[in-house]
Amino acid sequence: MIKKCLFPVAGYGTRFLPATKAQPKEMLPILTKPLVQYGVEEALAAGMDHIAFVTGRNKRAIEDHFDITYELEDMISGTIRESQLNCVRNLIEQCTFTYTRQNHMRGLGDAILIGEALIGEQPFGVILADDLGVGEPDGIMAQMVRVYEKYRCSIVAVEEVPVEEVDKYGIVSGQRLDDQHIRVERMVEKPSPLDAPSNLAVIGRYILTPDIFDILRNTPPGKNGEVQLTDALQAQAANGKVIAYRFRGQRFDCGSIEGFVDATNFFFNRMQEQQ
Ligand code: G1P
Numbered sequence: 065m066i067k068k069c070l071f072p073v074a075g076y077g078t079r080f081l082p083a084t085k086a087q088p089k090e091m092l093p094i095l096t097k098p099l100v101q102y103g104v105e106e107a108l109a110a111g112m113d114h115i116a117f118v119t120g121r122n123k124r125a126i127e128d129h130f131d132i133t134y135e136l137e138d139m140i141s142g143t144i145r146e147s148q149l150n151c152v153r154n155l156i157e158q159c160t161f162t163y164t165r166q167n168h169m170r171g172l173g174d175a176i177l178i179g180e181a182l183i184g185e186q187p188f189g190v191i192l193a194d195d196l197g198v199g200e201p202d203g204i205m206a207q208m209v210r211v212y213e214k215y216r217c218s219i220v221a222v223e224e225v226p227v228e229e230v231d232k233y234g235i236v237s238g239q240r241l242d243d244q245h246i247r248v249e250r251m252v253e254k255p256s257p258l259d260a261p262s263n264l265a266v267i268g269r270y271i272l273t274p275d276i277f278d279i280l281r282n283t284p285p286g287k288n289g290e291v292q293l294t295d296a297l298q299a300q301a302a303n304g305k306v307i308a309y310r311f312r313g314q315r316f317d318c319g320s321i322e323g324f325v326d327a328t329n330f331f332f333n334r335m336q337e338q339q
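Residue 143 in the numbering used here sits at position 79 of the sequence shown, and the numbers go up by one each step.
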């Protein structure tokens, strides 16, 4: 029922310089697959087969990745290497990919608003590819679709983080509905530990209702002078229209070197177990 998933991928990835000097951070691989591919696989597993990218300068490798590479494919045709491309070929066959560009870095909220042209008037998923999610048993976005079907409002995936790390995230608090669901009352972008309403952090998975676009249009720049999605969600939360969902599984912060290494070790161990 939710068919579209938006990937804001315009950010520079300065924490991974020099690796990200001339290539998108979303193309950094965990084993042999680029980060963004894990995200697209998660979206498709949730039934979202329209993949919308908000890109920027230096991001063309993402478009090329989700396209046929004739010379290469011809060269490896019939060799043992051919099967390594099957996973991305499946995505290319099953998904429609659309792109638009964010010219100025004005924040996640601005990137989502630019994505409106690709999304239109329907609820949609958002995946921040730096957050690599391993859902148990099914993907985090697939779990969130079920939550959406029940509550019919915006959904954010959350997990507890150490108090000293709350200033890296959007932090939520509200009314606990059961072990996994909270009706959000407050959302604060990157608060100091002293100001944080809790230690429940939004990770990079959202389902948003399309009224978010009008709210974003009227959201002034917030934390760090950027238009914050968290601030727009706070407007929905004031009407009881945001559910925070404690997902089942784990997530790796691949925007940090430590999280990137943890993810690599996790997938390497899993690969060895499967061999
Ligand atoms: C963004 C959001 C933040 C969220 C985080 C999840 O921040 O603004 O609310 O908690 O993603 O990864 P960023 O990491 O882009 O600074």
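Glycine is no exception: its CB is placed at the ideal position from the N, C-alpha and C atoms.
| said: Please tell me whether, using a cut-off of 7 Å, the distance from the CB of G179 to the nearest non-hydrogen atom of the ligand G1P is below it. | reply: As a working note, residue 179 is residue 115 in the sequence shown. Result no, Cβ not under 7 Å from the ligand G1P.
| query | Going by DSSP, which residues form a beta bridge with F188? | reply | As a position in the sequence shown, residue 188 is number 124, starting the count at 1. Its beta-bridge partners are L272.
| Cα-Cα separation between A260 and M335, rounded to whole angstroms | As a working mapping, residue 260 is identified with position 196 in the sequence shown. As a working mapping, residue 335 is identified with position 271 in the sequence shown. Near 39 Å, if we compare the C-alpha coordinates of M335 and A260.
| message | Taking its Cβ as the centre, do 16 or more other Cβ atoms sit within 10 Å of Y134, making it buried, or is it exposed? | response | Counting from 1 along the sequence shown, the entry for residue 134 is found at position 70. The residue is exposed, with fewer than 16 neighbouring Cβ atoms inside 10 Å.
| said: Residues in the same chain with beta-carbon distance under 7 Å from R247, minus the five sequence neighbours each way, listed in chain order, please. | reply: As a first step, residue 247 is located in the sequence shown; it is residue number 183 there, counting from the start. Result list for R247: G238, Q239, L241, G304, I307, in chain order.
| Can the beta-carbon of I271 be found closer than 8 Å to that of I191? | One-based indexing of the sequence shown puts residue 271 at position 207. One-based indexing of the sequence shown puts residue 191 at position 127. No, these two residues do not count as a Cβ contact at 8 Å.
| query | Roughly how many angstroms separate the alpha carbons of P88 and F80, rounded to a whole number? | reply | The residue you call residue 88 lines up with position 24 of the sequence shown. The residue you call residue 80 lines up with position 16 of the sequence shown. If I take the Cα positions, the gap works out to 10 Å.
| Where do the N-terminal and C-terminal ends of the alpha helix (DSSP H) with D212 fall, by residue? | Numbered from 1 along the sequence shown, position 148 holds the residue referred to as residue 212. The sequence shown places Tyr at residue 212, rather than the Asp named in the question. Where Y212 is concerned, the enclosing alpha helix (DSSP H) stretches over 204 to 215.
| With 16 as the cutoff for other CB atoms within 10 Å, does L172 come out buried or exposed? | As a working note, residue 172 is residue 108 in the sequence shown. Classification of L172: buried, given that the 10 Å Cβ count is 16 or more.
| message | Please report the straight-line C-alpha distance between P342 and G199, rounded to a whole angstrom. | response | The structure shown does not extend to residue 342, since the chain is modelled only from 65 through 339, so no value can be given for it.
| field | Same chain, Cβ closer than 8 Å to R281, neighbours up to 5 away in sequence not counted | value | In the sequence shown, the residue the question calls residue 281 occupies position 217. Excluding residues within five positions, the ones whose Cβ falls inside 8 Å are L177.
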